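**Q**
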């Protein structure tokens, strides 16, 4: 019984260590993604506005020819 208890404690400690490592990795990844979004958002917004402009031109052109 004692050996089993020690083994289970070791397994639990190992599982906790793995879980903590996964949580740290997740937080690091989320932080990195947030930073990327902050850097790229102005660029994305500008491109989206450009696309919207093209769509308006296209729609206006198709109304004139139709």
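In the working numbering, the protein residues as written are 33 to 98. Beta carbons are placed, not taken as given, at the ideal position from N, Cα and C, and that holds for glycine. Every value quoted in this text rests on a predicted model; they were computed, and no experiment measured them.
By Cβ distance, which residues of its chain are closer than 6 Å to residue 71, with the 5 residues on each side in sequence left out?
**A** none
**Q** Determine the DSSP secondary structure at residue 80, reduced to helix, strand or coil.
**A** helix
**Q** Which runs of the alpha helix (DSSP H) fall wholly inside the stretch 38-66 and span at least 4 residues, in chain order?
**A** none
**Q** Work out the CA separation of residue 50 and residue 41 for me, nearest whole Å.
**A** 14 Å
**Q** In angstroms with no decimal places, state the Cα-to-Cα distance between residue 73 and residue 65.
**A** Distance between residue 73 and residue 65, taken at the CA atoms: about 12 Å.
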